[in-house]
Each structure stands twice: as structure tokens, then as C-alpha cells.
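Take a look at the structure set out below.
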Amino acid sequence: MDVEAARNHEIVRGDHRHVDEDIEVEMHVNRVLSAKGGHPHIVRLRDEFIQDGFDHLIFDYCSGGDLFEALDQGPFKTSVAQRYFGQIAHAIAFMHTKGIAHRDLSLENVLLHNDQCYVCDFGLAASVSCRSHDIVGKPYYIAPEALDGRGYDPSKADVWSLGVMLFMMLTGVPLCTSATLNDRRFVYLKCHGLRGLLLSWHIDMGPEELDLLEHMLCVDPSRRIRVDQVLAHAFVNGGGGFERIDNSHSTKTEPPPHKASVTSKAFAVMLRFFRQPNVDVPVM
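Per the UniProt record's numbering, residue 1 is the first one in the sequence shown, and the count goes up by one each step.
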């Protein structure tokens, strides 16, 4: 697959004779969203055609790189994270109302242009009305229920991924390597809750963003809020918060997991190490 920028558009080109399933899904999702009027914070497919045996997809060009690259200088100011996150959450809410879950939400799949966010890469999208069973996405962002092999609600998994994205925007580091019992950070989160994890890392977080993250990063998806509830939260629109959630399920005392430094001069190098491709993840 080749990508080239042409003026204000980006051309994605693939061999028409060997179009993989991800590209077919990408094209279908973009057609559906475009037919519904599109969204101001979703990269728009402007045209598609076949030439010389290659499929060509023409997207709006985003000149600012992706949101992950924007973390090179450290965590975002709360006001910046709040604005970016609101744009992304509204885009995903739009997708969900059209019956589509993204399933590969990550900072790497949000592009910047003129300081505005644009969600992209829909090759792993699926219907919100059907339980998913395949493990897809980037390990840092995959919801725990997607890793246990019992099937999951892809719209609730999107909310977990959004929560991880907001957490990274505010702290500069991933929540955990993977949301499994093999990951020390995840186990600590499951036992002591998000407040306990942040306390162990000596991270102060404002009450609104902390309240929202606690409700998005519920390990139990049945207790996790929906994306429309995310939009109704004070951190996103100035409305009310929710009843506090106690995520602590253990009285055990155990040493907290280490947090990667967010003040080191090697921050950009660390972020490049954190960048992840989509890979197969072992079942919990």
C-alpha cells in the first residue's frame, strides 16, 4: 500500500488484484459515513477509482502528523487534552449512531491539521450490534474483555480505548502494556482502581478528568459508560459528573508498578518505543 500527498489530499493506493479485507472494510465504512453526511472530525474519503490495476482512495490531507507524535514534548496541557478528546469522542459517537464501532482507536489513528483532530483508519471496524470475537487493534488500547476470548461489545471496547487515549494525553505514558493479568500495571489497576494507580505514581489529576477516566476505564464492561455518556460528562461539555466508582477489589498491599518517566530528555525516544503496530495478542 502506497501513500502520497497531493496538495490538500492524500492518496492511498493498493493493488486491485489483491485487495485485503481491511481495505474493503475501510472503503465500506467511508462510504457509509460519507452517505450520512460525514463528520467534521473524521478524515473524509473524497474519491476512489481504479487506475492501472490499482485502487486509489483520495482522503483529505492532514499536515500535522498523528496525535501520538504530538506527545513527543510530553503530556498535553489539560485544556489541550480536553479539546482534542472532545473532538475525538464526538467523532466516535457519530460512528456509533451509524452502527459502526472503530475497534482500532489509538493516538496513532488520530491525525492533526490546523490543530484539529481527525479520526482515521477504519479497516478493523465492525457493527455495534454484533458481539466481536477477534482480537484486533494495538495492545496498549485493547479492552480487557477483548482479550479473554469470550466475545465483547465493540462499542464498549471503543470507550476503553478512548479512555486509554485520554490517559496518555494527560500523563504521557500508556496505562498498561496489555490489559491482562500478566501485566503488573493492569493488575494494580484492577485491585486498587485508577486513583490508587495514580497515587502510587504521585500523579495529580483534576477531579473532572479523573471522574471521567474512572468511568471509562472500568475493567467490567457492564459498569463502563457509553460514548454518549462520555459526551454528557463535565470534562467534555461542562455537564454533571457521575457517581464515584470504587474499582478496588482487593485489600492486598503490594508494591505499585513503576511509571515511565515523563520528564526525561529521552521522552521522544521513549515515545517512539511505545508506538505500536497492530499485532496479534495472546488470549488471557
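By construction, the Cβ of each residue, glycine as well, lies at the ideal position given by its N, Cα and C atoms.
For residue i and residue j, what's the separation of their Cα atoms in angstroms?
| i | j | result |
| --- | --- | --- |
| residue 30 | residue 201 | 41 Å |
| residue 185 | residue 73 | 24 Å |
| residue 167 | residue 128 | 24 Å |
| residue 120 | residue 112 | 11 Å |
| residue 263 | residue 199 | In this prediction, residue 263 scores a pLDDT of 40, lower than 50, which makes its location untrustworthy; no coordinate-derived value is stated. |
| residue 46 | residue 182 | 43 Å |
| residue 212 | residue 232 | 10 Å |
| residue 26 | residue 71 | 27 Å |
| residue 83 | residue 76 | 11 Å |
| residue 285 | residue 195 | Residue 285 lies beyond the residue range present for the chain, which begins at 1 and ends at 284; the question has no answer from this structure. |
| residue 43 | residue 58 | 10 Å |
| residue 134 | residue 151 | 8 Å |
| residue 173 | residue 203 | 12 Å |
Please work out which residues of its chain come closer than 7 Å, Cβ to Cβ, to residue i, disregarding the five sequence neighbours upstream and downstream, and give them in chain order.
| i | result |
| --- | --- |
| residue 159 | 216, 224, 225, 226, 227, 230 |
| residue 153 | 131, 221 |
| residue 179 | 142, 143, 144, 147, 186 |
| residue 238 | none |
| residue 36 | 98 |
| residue 87 | 41, 116, 117 |
| residue 24 | none |
Comparing alpha-carbon positions, which option in the options lies nearest residue i?
| i | options | result |
| --- | --- | --- |
| residue 114 | 60, 187, 192 | 60 |
| residue 218 | 162, 235, 177 | 162 |
| residue 171 | 143, 206, 42, 35 | 206 |
| residue 65 | 122, 54, 100, 108 | 108 |
| residue 62 | 89, 131, 80, 117 | 117 |
| residue 68 | 110, 23, 204 | 110 |
| residue 96 | 58, 155, 54, 24 | 155 |
To the nearest whole angstrom, what separates the beta carbons of residue i and residue j, a pair I think is in contact under 8 Å?
| i | j | result |
| --- | --- | --- |
| residue 106 | residue 165 | 7 Å |
| residue 138 | residue 32 | Actually they are not in contact, since the Cβ atoms of residue 138 and residue 32 sit about 24 Å apart, beyond 8 Å. |
| residue 177 | residue 140 | 7 Å |
| residue 236 | residue 89 | 6 Å |
| residue 48 | residue 41 | No, residue 48 and residue 41 are not in contact; Cβ-Cβ is about 21 Å, not under 8 Å. |
Quick one: what's residue i bridged to in DSSP?
| i | result |
| --- | --- |
| residue 146 | Paired residues: none, contrary to the question. |
| residue 118 | 111 |
| residue 152 | 132 |
| residue 50 | 55 |
| residue 45 | 59 |
| residue 66 | 111 |
| residue 100 | 127 |
Using C-beta distances below 6 Å, list every residue in its chain close to residue i, excluding the 5 sequence neighbours before and after it, in chain order.
| i | result |
| --- | --- |
| residue 136 | 103, 124 |
| residue 39 | 91, 94 |
| residue 175 | 164, 167 |
| residue 197 | 188, 189 |
| residue 157 | 143, 146 |
| residue 85 | 166 |
Who are the near neighbours of residue i in its chain, counting only those whose CB is closer than 8 Å to its CB and skipping five residues on each side?
| i | result |
| --- | --- |
| residue 78 | 170, 206, 209 |
| residue 100 | 29, 32, 33, 122, 125, 126, 127, 128 |
| residue 22 | 123, 124 |
Does the Cβ of residue i lie closer than 7 Å to at least one heavy atom of the ligand MN?
| i | result |
| --- | --- |
| residue 208 | In terms of ligand content, the structure shown is empty, and the ligand MN therefore cannot be addressed. |
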